[in-house]
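Residue numbers (UniProt numbering), protein chains in the order written: chain F, 1 to 708; chain P, 1 to 708.
Below you'll find the structure, written out as structure tokens, and then a few comments.
There are 2 protein chains.
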Amino acid sequence: MSALRFPNLPPSEPQGCDLLAEERAKTTFSVHELSTFLYGDAFLERQARLLALIEKEPAFDKSKRHFSGRSELFAAALRKDHTLIKLAQQQKWTPEDFGHAEQLIEEPGPFGLHRVMFMPTLVSQCTEEQVEKFLKPALRYEIIGCYAQTELGHGSNVQGIETTATYIPETDEFEIHTPYLTASKWWIGGLGKTANHAAVMARLITAGKDYGPHAFVVPIRSMEDHTLLPGVMAGDIGPKLGYNATDNGCMWFDHYRVPRISMLAKHSSIKPGSGEYIKPPNAKLSYGTMVFVRAGLIGTARRHTAKAVTIATRYSAIRRQFVDKDSPKKLSKQQQQMVVETPVLDYTTQQYRLFPIIAAVYALSLTSSEMVRLYYLNVKNMASGDFSLLADLHASSSGLKSLTTTMAAANIEECRRACGGHGYSNFSGLPTILRDYAPNVTWEGDNYILTQQTGRDLFKSFRDLVSKRAAGKMNTDRNTNPTLAYLNTYLDNPNLKCLATMVSDFYNPELQLAAFGHRSASIIVRIVHALDVQKRSWNSMLVDVYNASVAHCQFILVRNFILGIRGQLPQPDGDVDPASALSPASKEALKDLSDLFALHTIHKEPGQFLMSGYLDSQQVLLLGEAVLELMEKKIRPNAVGFVDAFAFPDYILNSAIGAFDGRVYERYVEMATREPLNQKEVVEGYEQYVRPFTNPKGLKGHTMQARL
Amino acid sequence: MSALRFPNLPPSEPQGCDLLAEERAKTTFSVHELSTFLYGDAFLERQARLLALIEKEPAFDKSKRHFSGRSELFAAALRKDHTLIKLAQQQKWTPEDFGHAEQLIEEPGPFGLHRVMFMPTLVSQCTEEQVEKFLKPALRYEIIGCYAQTELGHGSNVQGIETTATYIPETDEFEIHTPYLTASKWWIGGLGKTANHAAVMARLITAGKDYGPHAFVVPIRSMEDHTLLPGVMAGDIGPKLGYNATDNGCMWFDHYRVPRISMLAKHSSIKPGSGEYIKPPNAKLSYGTMVFVRAGLIGTARRHTAKAVTIATRYSAIRRQFVDKDSPKKLSKQQQQMVVETPVLDYTTQQYRLFPIIAAVYALSLTSSEMVRLYYLNVKNMASGDFSLLADLHASSSGLKSLTTTMAAANIEECRRACGGHGYSNFSGLPTILRDYAPNVTWEGDNYILTQQTGRDLFKSFRDLVSKRAAGKMNTDRNTNPTLAYLNTYLDNPNLKCLATMVSDFYNPELQLAAFGHRSASIIVRIVHALDVQKRSWNSMLVDVYNASVAHCQFILVRNFILGIRGQLPQPDGDVDPASALSPASKEALKDLSDLFALHTIHKEPGQFLMSGYLDSQQVLLLGEAVLELMEKKIRPNAVGFVDAFAFPDYILNSAIGAFDGRVYERYVEMATREPLNQKEVVEGYEQYVRPFTNPKGLKGHTMQARL
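See below:
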């Protein structure tokens, strides 16, 4: 029984549920149709099937999550992961089912890295013998693993790790050792308290030579009682901004001996006895996994952004603030006309903050699918010896990981702030999204460092193109490679000017694409000139390289959005283009978002577009009018519909202010009654820390009423 | 005894303490001199005196803070606040001492709002009788108060609050009542569990008329035993992104009667019996407090930014990543030359991220002092009936609150990310700064809404100026008011062009100021034209209004920086200009920062500067060269010195990676050993949730070694 009793009061008029109903009545398209466009039927059916199972399982209950400290979060996550594995085994879930269930529950836990990092490492690097020894028990969760690459002093530069694995011919063993404090394994998910094995990246040293990082699977905790094995010291690295249900861990090895089979040997290995190193085949093969992981992160960016903007948009349709004197809102109720405050979603600043984020979700969705398609195409090509897609894919996946995760982190925080004070409450659901999403800008390649890879490839493509053009090949790959197409167009006429003279001209997608292509090309040309002609150092160009990567990747996002809703993006063999099922109304609504995505991106930071010479100042002002028109007239009526189409059940959002039914204030107050501090009327520390000031002699009848 | 034992290993070479020593040896100025410039001697002496007391008091120990959940944080904060009050009484601290002590301890607690909101409300609004009844017991902490303005459905629009206080002539009482759920008091610091009184903002209703929000001091908890009084329901609103040591609370009144004296009556009051309302004098008087609070927030923005960038800069001088092939770093140790990774502070991207933040701290410092000076000048002026400064001050304090808190929040997060993965660990100290700083962008005026006040005033100034110029007064206030000066200059020549042709031209402060003034004026002119000539609605111009406010306030920051280090800002009567004590070396170093602050602001978002016509694309590129030159040649050697000058003792930073001595990794590992999960070798849930998979039959001797 809570000491805080919920008063039996309604919110003042108008009610949230009525407001959302009005919004939904205005929607010009079928919400289900857009959901299907985004996810496909199979996903939506799977979500409904899994949700029914998950919502009724007590181990997956989210009601305590907002209140839990680290230790409680971890304990609950261990139970959750255990229950999830049991359920998966019982229901014979596919890996897709499992991944989808984890998205619904949305609490990264101690067994998570076993599934997403440890096992994939085994799958790609085990010999047949190692499959029996490591992978099969791992699939049964007898072996629970973690992926121990990062060190206390080494993150992005994997080549710099310091842990050693020295081959000892006499015993046919490796000695794993931590030579320095900076070589401590650190940040390793699941290592802190849970894993009994680790895939350790260590420098292979054999026959007196250092061959750099290789993977070794080593036992770290006893299979009998989970105590640490002699020679291994490990623990949890402590609390973090988020991800506190996961036991990120640290580990030291003290001349720890493991048998030769510990080295994952599918690609490279050691000859027993001599310790001779047998080289891996084409190193490029390993890029493929990175591309896949990074393409996946675009999807993650989409999902978390979509959650945040669903909450912020629904709440902004309900939250009212001030009366807009130019167009006051009136409410008719019981024959009375009363002026009420304006929903914040009607203010153009709120629209400028939120609507481009809605548009970004659709942009991320289309580019995420396209990157996955290219990944599989590349895998197929590489299998037949064709590596032509790899460099481009590696480059764009690096830049897109950087851009899209940076966008998502900024957009989540913007959504949180757009909810005013309530965005600061855990009950809004937004702090959790913010905290747990934050590491995406750092892991799988820091967002600044990654852009160097994109830059290098773009500059190489440009130099190759210039050579080919010098040799008279003016149309090299213009029709098949969009990067080369915009570089060619730029080289054809570096002084190209936009011809727009009125607002409606900016709704032309070809014009938008030309602006992004010209801008990107102008930056690339300038950097290559600085590097090759002015002989500037690479370090001095890093800020420009970052900007080049952003410009190129914005081009990709805009292009995939434009082509995707037209049904002009290639589809994987045998797949129907999801755009083919769109009704004209849906296509029109998506076109509005595509226009807003492109034009808002320019309007917010027009500098480089102006510097490229394509746009002039008057055009940027006109384009601003187009942004305003799109927001106020086209997107405003559909805003709630657009976020409803993201199809998040309330169970996922776990938000007082973003639930489907709009009962913002009722749900919020109800959550507050469950705050642990509210379970006693008088707080624990009162006697010791408050009463000595307020009633030092412990007088009875010492009330304010008596004083007055 | 921790189950995680600290290995006796040093980090690999070079050591953090040696690296910081090298950095400090390179510093071209006296660190103490810059500290004194920023804070003055009195502040630094007070800090040393208070720190000696505070560091040895167990209630102020910070070592557990990184690990504590909400309930522990709150319990510790209650103890901390109790101890702090006792210490203040015992040491006879001044209010300045108390405030400074709170900055050192840096944990907003349950008694905080009593001091910073409740008591100031009493001071400014109590009659003499109320001083006796409320203020004096409050000064002794018998009354512990909170300030109950915000409601569940009402934040920024104070006029819209719904709680009522109806005067009942029969009993000479007010009836405080919560008519709707949305009228619940919400977010009220200290109300949740601690306060026994509240200053409640409620709509005064008397003699059948609604006079809008007024302040009432009402008892809410029993002075005898701290239970809630009949008619009042209150509790804690639950966990938040940060500020979890404070009991932000909620409250409902059920026809709660209080005597007439509860209404704070210095400015407006009720005649007993008739209930006649007696009007307040000039309402403008109350603006003064807002200006003061907002000026204070600029100082808060400075302090938190400075903490974050101290941590990030020191760590970036120690953290090494990759080898810069164009200029590899070598280490001489024991007659050996070895190539080591490059400190990340040497990379231009890291410089572009961090150095402008260092510069921003100095910019905020100078503008904060200037706003405080203007506040006191205005108070003095108003006392003699001169309100001439008020509107300008209200406008610039609104815009500066918006701009500087937005900058600070972004800069803190940038510092966190610039520390890579370790910025995500609580032990870096950065997540705490981020979480606790976040509400600054929302409270005391939402950062978007506030800019409308700045815009309104700027547009009014511009219209007045145009009228005066039309009447032939071309030089109105040009020499005394910087806003009118730049507007006049623009109107003299809207087509003014920057004459810079080489990098060094951009180091001219007059040129920088002209760029910011011209840009701001061009936006103001355009908006006023849209509003007055094109008759555009205010709502349709809000995004532009926001940009105008940012542009104007960036001008103020740049101007105060330039004038402040030259010793050209006016000083309060009798005060010595802190710039007068600067040596040439310090002045030169500060000039580098001032240049970087101005030029980086343009370089990062050049769009509006280009659109204003003052700068062209070639000049923006040249200006980029100036930014690079400043970063690599001028600021890099002084970076650690600049942040050392912020004079934060390690006790304030509470950071493993940002401490003065550079022992990053040793301190980090030591903190991890104290993680609660590490106190047992085998985690609590093992038997129930892990062993069923890994050793289901509980076999003895079931080890991996046996399997191999």
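Think of the CB as a built atom: it goes at the ideal place given N, C-alpha and C, for glycine as much as any other residue.
Start and end residues, alpha helix (DSSP H) containing residue i
i                      : result
P:K209                 : Segment 209–219 is the beta strand (DSSP E) holding P:K209; no alpha helix (DSSP H) there.
residue 709 of chain P : No information on residue 709 of chain P is available, as it lies outside the stretch 1 to 708 that chain P covers here.
F:R435                 : 430–437
P:Y486                 : 482–492
F:T601                 : 584–604
According to DSSP, residues forming a beta bridge with residue i
i      : result
F:Y651 : Per DSSP, none; premise fails for F:Y651.
P:D236 : P:G249
P:I188 : P:G249
P:A202 : P:H214
F:S402 : DSSP lists no partner for F:S402.
P:H154 : P:E151
P:H197 : P:G145, P:P219
F:L228 : F:R221
P:M611 : None; P:M611 has no bridge partner.
Proximal residues to residue i (C-beta, below 6 Å), its chain only, five neighbours per side dropped
i      : result
F:L345 : S316, A317
F:F29  : A585, S586, A589
P:R257 : E173, E175
F:M1   : Residue placement at F:M1 cannot be trusted, given a pLDDT of 43 that sits under 50; what the coordinates show is reported in the next sentence. So no residue of the chain qualifies.
P:V661 : Strictly speaking, residue 661 of chain P in this sequence is Asp, with Val absent from that position. C17.
F:I635 : F355, D592
F:A359 : L593, L596, F597
Residue range of the beta strand (DSSP E) that includes residue i
i      : result
F:F174 : 173–177
F:I168 : 164–168
F:R257 : 256–259
F:A48  : First-last for F:A48: 41–55, but that is the alpha helix (DSSP H), not the beta strand (DSSP E).
Cut-off 8 Å between Cβ atoms - residues of its own chain near residue i, not counting five sequence neighbours on either side
i      : result
F:H394 : Y287, M290, V291, Q453, D457
F:L139 : M119
F:L708 : Reliability of the predicted coordinates at F:L708 is poor, the pLDDT of 41 falling under 50, and no value is obtained from them.
P:A581 : E33, T36, F37
F:K133 : I261
Close Cβ partners of residue i (< 7 Å) along its chain, the five nearest in sequence each way excluded
i      : result
P:V323 : V339, E341, T342
P:D210 : R203
P:M704 : The pLDDT assigned to P:M704 is 49, lower than 50, so where the model puts this residue is not dependable, and the model offers no usable value.
F:Q159 : G212, P213
F:V690 : none
P:A3   : N678, Q679, K680, E681
F:H304 : A408, I412, I433, Y437
P:Y243 : P108, D436, P439
8 Å contact criterion, which residue i and residue j should meet: CB distance rounded
i      : j      : result
F:D326 : P:N539 : 6 Å
P:A77  : P:G109 : 4 Å
F:I105 : F:K80  : 7 Å
F:V217 : P:L181 : Rounded, the Cβ-Cβ distance is 57 Å, inconsistent with contact.
F:H518 : F:Y490 : 6 Å
P:F506 : P:A626 : 4 Å
P:G299 : P:S368 : 4 Å
**Item:** Every unbroken alpha helix (DSSP H) inside the region 272–347 of chain P [4 residues or more]
**Value:** Within the region 272–347 of chain P, the complete alpha helix (DSSP H) runs of at least 4 residues are 287–318.
**Request:** Tell me the start and end of each unbroken alpha helix (DSSP H) in the region 628–672 of chain P that is at least 4 residues and wholly inside, in chain order.
**Result:** 639–644, 650–653
**Asked** Which whole runs of the alpha helix (DSSP H) in the region 494–581 of chain F are 4 residues long or more, in chain order?
**Response** 509–528, 542–566
**Prompt:** Can you give, in chain order, each stretch of the alpha helix (DSSP H) that sits fully within the UniProt domain "Acyl-coenzyme A oxidase N-terminal" (31–144) of chain F and has at least 4 residues?
**Reply:** 31–39, 41–55, 70–91, 95–105, 119–125, 136–139
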